[in-house]
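Under our numbering, think of the first position of the sequence shown as 126, with each following residue one higher.
First comes the structure, then the notes that go with it.
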Amino acid sequence: MPTWIWIAIAVGAVVALVAVIVAASMVSFRFKTKRLKQHYGTEYERVVSETGSEKGAVRELTTRERKRDKLDIVPLTPSALSEFTARWHEVQAGFVDNPATAVGVADHLVTEVMRERGYPVDDFDRRAADISVDHPHIVDDYRAAHGIHTSEQQADTEQQREAFVHYRALFEQLLETPTDNEASQEARA
Numbered sequence: 126m127p128t129w130i131w132i133a134i135a136v137g138a139v140v141a142l143v144a145v146i147v148a149a150s151m152v153s154f155r156f157k158t159k160r161l162k163q164h165y166g167t168e169y170e171r172v173v174s175e176t177g178s179e180k181g182a183v184r185e186l187t188t189r190e191r192k193r194d195k196l197d198i199v200p201l202t203p204s205a206l207s208e209f210t211a212r213w214h215e216v217q218a219g220f221v222d223n224p225a226t227a228v229g230v231a232d233h234l235v236t237e238v239m240r241e242r243g244y245p246v247d248d249f250d251r252r253a254a255d256i257s258v259d260h261p262h263i264v265d266d267y268r269a270a271h272g273i274h275t276s277e278q279q280a281d282t283e284q285q286r287e288a289f290v291h292y293r294a295l296f297e298q299l300l301e302t303p304t305d306n307e308a309s310q311e312a313r314a
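Here it is as structure tokens:
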């Protein structure tokens with residue numbers, strides 16, 4: 126066979142291989158995008174808006190998952206669970222007399238529970254990103270509650286009540302979630 130036929134066959138094989146790789150990559154991206162949309166819901170849409178593209182959102186959320194998987198998130202011990210629950214009941218009872226203080230204490234208590242479970246707590250944005258992996262359906266509420274708590278404007282009682290309800294939802298999730306790296310990987314599989 127002439128050399129040019131061998132070259133044409135080789136070029137055809139390379140082109141076919143590249144086409145297969147591109148097709149597999151597109152299918153993989155679509156599958157990953159679908160999984161992330163289902164898991165994150167409105168958080169996925171928020172990240173798309175923030176990054177400007179689905180590709181950016183996929184990259185960001187995948188990075189969050191990788192960082193989260195490196196954390197050693199542990200369940201609370203029975204004594205810690207009991208202590209945090211008792212403290213929450215005290216905070217909740219104090220809401221009627223001083224809503225602003227109760228919201229601040231609720232924010233602090235949620236952060237303490239996160240620390241006890243093994244989440245990094247130094248930076249709010251990192252806390253929200255980590256929480257979004259395990260609890261994507263309540264991360265927006267957590268951001269809203271934190272925004273009300275840290276706002277320089279005086280929140281009215283209804284806003285403080287909403288913030289408190291949001292903190293309570295996250296608090297309850299943090300107490301109940303038996304998350305470890307294997308469980309979170311299985312959930313995302």
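Every residue, glycine too, gets a C-beta built ideally from N, C-alpha and C.
- Listed in chain order, the non-local C-beta contacts of residue 292 below 6 Å within the same chain comprise 231, 235, 270, local neighbours out to five positions each way being set aside.
- Contact check for residue 209 and residue 238: beta-carbon distance about 6 Å, within the 8 Å limit, so the pair qualifies.
- Counting along the chain, residue 236 sits inside the alpha helix (DSSP H) bounded by residues 224-242.
- Cα atoms of residue 188 and residue 127: separation of roughly 51 Å, rounded to the nearest angstrom.
- When DSSP states are grouped into helix, strand and coil, residue 274 belongs to the helix group.
- Listed in chain order, the non-local C-beta contacts of residue 299 below 6 Å within the same chain comprise 238, local neighbours out to five positions each way being set aside.
- Residues of the same chain with a CB within less than 8 Å of the CB of residue 205, apart from the 5 flanking positions on each side, are 241 in chain order.
- Within the same chain, and ignoring the five residues on either side of residue 162 in sequence, the residues whose Cβ sits closer than 6 Å to its Cβ are 169.
- For residue 166, same chain residues with a beta-carbon under 8 Å away, outside a window of 5 residues either side, are 261, 262 in chain order.
- In terms of Cα proximity to residue 289, the closest of 279, 278, 273 is 273.
- In the structure shown, residue 284 falls within a helical segment according to DSSP collapsed to helix, strand and coil.
- Taking a cut-off of 8 Å for Cβ pairs, the region 246-266 and the region 276-285 do not touch, as fewer than three such pairs fall below it.
- For residue 233, the closest C-alpha among the options 130, 267, 144 is that of 267.
- Counting along the chain, residue 203 sits inside the alpha helix (DSSP H) bounded by residues 203-219.
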